[in-house]
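Trainee:
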Amino acid sequence: MPHPPEAPPPALRLRLDRAALAANWRALDRLSGEASAGAAVKADAYGLGVAQVAPVLVQTGCRDFFVAHVGEAADLLAHVPPERISVLHGPLTEADAAFCRAAGVKPVLNSLPQIARWKEAGGGPCDLMVDSGINRLGLEMRHLDDPAPAGLETDICMSHLASADEDVPQNARQLARFGEIRAAVRARRYSLANSAGIALGADYHADLTRPGLALYGGIPRRELARDIAQVAYPEAAVLQVRELGAGDSVGYNATFVADRPMRVGVIALGYADGYLRCWSGNGRFEWQGRELPALGRVSMDMTVIDLTAAPDCGEGDWVTAAYDPVASAAATGLSQYELFTLLGKRFGRE
Ligand SMILES: *Cc1c(COP(=O)(O)O)cnc(C)c1O
Numbered sequence: 434m435p436h437p438p439e440a441p442p443p444a445l446r447l448r449l450d451r452a453a454l455a456a457n458w459r460a461l462d463r464l465s466g467e468a469s470a471g472a473a474v475k476a477d478a479y480g481l482g483v484a485q486v487a488p489v490l491v492q493t494g495c496r497d498f499f500v501a502h503v504g505e506a507a508d509l510l511a512h513v514p515p516e517r518i519s520v521l522h523g524p525l526t527e528a529d530a531a532f533c534r535a536a537g538v539k540p541v542l543n544s545l546p547q548i549a550r551w552k553e554a555g556g557g558p559c560d561l562m563v564d565s566g567i568n569r570l571g572l573e574m575r576h577l578d579d580p581a582p583a584g585l586e587t588d589i590c591m592s593h594l595a596s597a598d599e600d601v602p603q604n605a606r607q608l609a610r611f612g613e614i615r616a617a618v619r620a621r622r623y624s625l626a627n628s629a630g631i632a633l634g635a636d637y638h639a640d641l642t643r644p645g646l647a648l649y650g651g652i653p654r655r656e657l658a659r660d661i662a663q664v665a666y667p668e669a670a671v672l673q674v675r676e677l678g679a680g681d682s683v684g685y686n687a688t689f690v691a692d693r694p695m696r697v698g699v700i701a702l703g704y705a706d707g708y709l710r711c712w713s714g715n716g717r718f719e720w721q722g723r724e725l726p727a728l729g730r731v732s733m734d735m736t737v738i739d740l741t742a743a744p745d746c747g748e749g750d751w752v753t754a755a756y757d758p759v760a761s762a763a764a765t766g767l768s769q770y771e772l773f774t775l776l777g778k779r780f781g782r783e
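Position one of the sequence shown corresponds to residue 434 (this note's numbering), numbered consecutively onward.
Now the structure itself:
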């Protein structure tokens, strides 16, 4: 079989503002006070591309990285020393434990069975998650006096906040429990705060913070707005330009009908790329400083935009989606987390 020719770049790309990404990490590290900031890079760095994001963070000074799945640790090993990678889901199987041992990455142990599995695999440096009230993953506090966790080589002892983006009593309650956890668990370092937790103040910072969302430009709490900048800009090429007459409709189910002659562009971005149908009639694009509204339904691979404000924009030109995380969440009803992690596999990510 002859080699197939290499495919040319796709007609959609995710532009990353690397300077903004670096500045966001530096801001979160500074806001973490005495603690240092790590980085949650699970889910392909929240959809932005771990191969693009990790080198920038490493170069900026970030040392500790958190992924969910063992397979995500494997992808990160090209960029980060293994002993600085934490696998949040921990070892579900013997194969998971064997991989962590062989690669030298740390499983985050979440339960007595996971602790036993890690010890059976031979043990070694690991992290420990203790639940302080989110009731998701983590060792139950009533198991803290079990001899099993005491016998571990624990680097980071962590817990996770459930409602750090809100001002609710649960935050102080979890902080108090985290104090009990710290007193009971011997570890090199302690960690509690995610992005929103960093804004809750020094009490929540411990030794290491674990921002994800805010690194990528998300703003879970108002206090962070001043320091966090947008990082991700979805861009798509105009595939075709059409002239509509008054009364012509656009797209599936004809949800937009032109009331005048107008010039429109068909761009290579659709719901298969994470630009969901909640953007229908709601999305906006930008070209050379001009605003171009989306028209009609978003399709699987395409969206139609109004080129009235940009008569010189044509086939092959690239437009940028309005994708400010806070405004986009308000416009679509999606969470800022979803807006990032939705971004599909077809984007060029140079
Ligand atoms: C995803 C995750 C984070 C990062 O949370 P953000 O809200 O995105 O900052 C931190 N810690 C744990 C355990 C996580 O699962």
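C-beta atoms are modelled at their ideal positions from N, C-alpha and C, and glycine is treated no differently.
Helix or strand or just coil, what does DSSP make of M591?
Mentor: In the sequence shown, the residue the question calls residue 591 occupies position 158. In this structure, M591 counts as strand in the three-state DSSP scheme.
Trainee: Residues in the same chain with beta-carbon distance under 7 Å from E724, minus the five sequence neighbours each way, listed in chain order, please.
Mentor: Reading the sequence shown from its first residue, position 291 is the one you call residue 724. Same-chain partners within the cutoff: R717 and A742.
Trainee: Within 8 Å of any Cβ in chain D, is that where the Cβ of R575 sits?
Mentor: Reference to chain D is not applicable here, since this structure consists of a single protein chain.
Trainee: With distances taken Cα to Cα, identify the nearest neighbour of Y666 among P438, D450 and E439.
Mentor: If you number the sequence shown from 1, residue 666 lands on position 233. Ranking P438, D450 and E439 by Cα distance to Y666 puts D450 first.
Trainee: Report the residue from W751, E439, L648 and V491 whose alpha carbon sits nearest the alpha carbon of I631.
Mentor: Position 198 of the sequence shown holds residue 631. That would be L648, whose Cα lies nearest to the Cα of I631.
Trainee: Using C-beta distances below 8 Å, list every residue in its chain close to S469, excluding the 5 sequence neighbours before and after it, in chain order.
Mentor: By 1-based counting over the sequence shown, the position of residue 469 is 36. The answer, listed in chain order, is D462, R496, D497, D640, L641 and T642.
Trainee: Does the beta-carbon of K552, which I'm using as the reference point, lie nearer than 7 Å to any heavy atom of ligand 1?
Mentor: Translated into positions along the sequence shown, residue 552 becomes position 119. It does not: the Cβ of K552 is nowhere closer than 7 Å to a heavy atom of ligand 1.
Trainee: Can you tell which of A635, R675 and K778 has the C-alpha that lies nearest to the C-alpha of R467?
Mentor: The count along the sequence shown starts at 1 and reaches residue 467 at position 34. Before going on, a small fix: residue 467 reads as Glu here, not Arg. Ranked by Cα distance from E467, the first of A635, R675 and K778 is A635.
Trainee: Near E573, which residues of its chain fall below 7 Å by C-beta distance, leaving aside the five closest residues on each side in sequence?
Mentor: Along the sequence shown, one-based indexing puts residue 573 at 140. Cβ-Cβ distances below 7 Å link E573 to D564 in the same chain, with the five nearest sequence neighbours on each side left out; the list follows chain order.
Trainee: Which two residues bound the contiguous alpha helix (DSSP H) that contains T688?
Mentor: Counting from 1 along the sequence shown, the entry for residue 688 is found at position 255. Element bounds for T688: n/a, residue is neither H nor E.
Trainee: At a cut-off of 7 Å, would you count K475 as near ligand 1, judging by its Cβ distance to the nearest heavy atom?
Mentor: Looking up residue 475 in the sequence shown gives position 42. Indeed, a heavy atom of ligand 1 lies less than 7 Å from the Cβ.
Trainee: Kindly identify the DSSP beta-bridge partner or partners of M695.
Mentor: Within the sequence shown, residue 695 is the residue found at index 262, counting from 1. Answer is L677.
Trainee: In whole angstroms, what separates the C-alpha of R448 from that of Q603?
Mentor: Taking the sequence shown and counting its residues from 1, one reaches residue 448 at position 15. Taking the sequence shown and counting its residues from 1, one reaches residue 603 at position 170. Roughly 38 Å separates the two Cα atoms.
Trainee: Could you check the C-alpha separation between E439 and G482 for me, to the nearest Å?
Mentor: Position 6 of the sequence shown, counted from the first residue, corresponds to residue 439. Position 49 of the sequence shown, counted from the first residue, corresponds to residue 482. Cα to Cα, E439 sits roughly 21 Å from G482.
Trainee: Report, in whole angstroms, the separation of the C-beta atoms of Q769 and L646, which I expect to be a contact under 8 Å.
Mentor: Along the sequence shown, read from residue 1 onward, the residue named residue 769 stands at position 336. Along the sequence shown, read from residue 1 onward, the residue named residue 646 stands at position 213. Right, their Cβ atoms sit about 6 Å apart.
Trainee: What ranges does the alpha helix (DSSP H) occupy inside the stretch 451–526, keeping only unbroken runs of at least 4 residues that lie completely in it?
Mentor: Under the rule that a run must span 4 or more residues, the alpha helix (DSSP H) segments found entirely inside the stretch 451–526 read 451–464, 475–479, 483–493 and 503–509.
Trainee: Could you compute how far the alpha carbon of R619 sits from the alpha carbon of A583?
Mentor: Working through the sequence shown from its first residue, we reach residue 619 at position 186. Working through the sequence shown from its first residue, we reach residue 583 at position 150. Their Cα atoms are separated by approximately 7 Å.
Trainee: For A754, does the three-state DSSP call read helix, strand or coil?
Mentor: As a working mapping, residue 754 is identified with position 321 in the sequence shown. Residue state, collapsed to three classes: strand.
Trainee: Tell me, which residues are paired with Y666 by DSSP?
Mentor: As a first step, residue 666 is located in the sequence shown; it is residue number 233 there, counting from the start. Its beta-bridge partners are R448.
Trainee: Run through DSSP, which three-state label would Y623 get?
Mentor: The sequence position of residue 623 within the sequence shown is 190, counting from 1. Assignment of Y623 by DSSP, reduced to helix, strand and coil, places it in the strand class.
Trainee: Taking the continuous beta strand (DSSP E) assigned at I738, which residues delimit it?
Mentor: Position 305 of the sequence shown, counting from 1, holds the residue named residue 738. Here the beta strand (DSSP E) through I738 covers T736 to D739.
Trainee: Buried or exposed for Q721, please, with buried defined as at least 16 other CB atoms from any protein chain shown within 10 angstroms of its CB.
Mentor: If you number the sequence shown from 1, residue 721 lands on position 288. Answer is exposed; the Cβ neighbour count stays below 16.
Trainee: If you compare alpha carbons, which of A444, A581, P435 and M434 is closest to E783?
Mentor: Counted from its first residue, the sequence shown places residue 783 at position 350. Out of A444, A581, P435 and M434, A444 has the C-alpha closest to the C-alpha of E783.
Trainee: From S465 to M733, what distance separates their C-alpha atoms?
Mentor: Mapped onto the sequence shown, residue 465 falls at position 32. Mapped onto the sequence shown, residue 733 falls at position 300. Answer to the nearest angstrom: the Cα atoms are 41 Å apart.
Trainee: Out of E668, G651 and A670, which has the shortest C-alpha to C-alpha gap to F661?
Mentor: Position 228 of the sequence shown, counted from the first residue, corresponds to residue 661. Just to set this straight, residue 661 is Ile in the shown sequence, not Phe. Nearest C-alpha to I661: G651.
Trainee: Within the continuous alpha helix (DSSP H) that includes L608, where are the two ends?
Mentor: Position 175 of the sequence shown holds residue 608. If you look at L608, you'll find it in the alpha helix (DSSP H) that goes P602 to A617.
Trainee: Grab the span of the alpha helix (DSSP H) containing K552 for me, first residue to last.
Mentor: As a working note, residue 552 is residue 119 in the sequence shown. Taken as a continuous stretch (DSSP letters only), the alpha helix (DSSP H) holding K552 covers L545 to E553.
Trainee: In terms of DSSP beta bridges, what is G781 paired with?
Mentor: In the sequence shown, counting from the first residue as 1, residue 781 sits at position 348. Answer is R446.
Trainee: On a Cα-Cα basis, can you pick out the residue from A763, P758 and V690 that is closest to T774?
Mentor: For the purposes of this step, residue 774 is taken as the residue at position 341 of the sequence shown. For T774, the nearest C-alpha among the options comes from P758.
Trainee: Say whether the stretch 498–507 touches the stretch 524–544, bearing in mind that this needs 3 or more beta-carbon pairs closer than 8 Å, one atom from each stretch.
Mentor: yes
Trainee: By Cβ distance, which residues of its chain are closer than 7 Å to S544, with the 5 residues on each side in sequence left out?
Mentor: For the purposes of this step, residue 544 is taken as residue 111 along the sequence shown, with counting starting at 1. When the five nearest sequence neighbours on each side are left out, the beta carbons in the same chain lying within less than 7 Å of the beta carbon of S544 are those of L572, in order along the chain.
Trainee: Mark H593 as exposed unless 16 or more other C-beta atoms lie within 10 angstroms of its C-beta, in which case mark it buried.
Mentor: The residue you call residue 593 lines up with position 160 of the sequence shown. Its Cβ being crowded by 16 or more others within 10 Å, H593 is buried.
Trainee: Look at Y685 and R730 and say whether their C-beta atoms are less than 8 Å apart.
Mentor: The count along the sequence shown starts at 1 and reaches residue 685 at position 252. The count along the sequence shown starts at 1 and reaches residue 730 at position 297. Going by C-beta atoms, Y685 is nearer than 8 Å to R730.
Trainee: Taking R693 as the reference, which of G703, Y704, A701 and D681 has the closest Cα?
Mentor: As a first step, residue 693 must be located in the sequence shown, where it is residue number 260. Nearest of G703, Y704, A701 and D681 to R693, Cα basis: D681.
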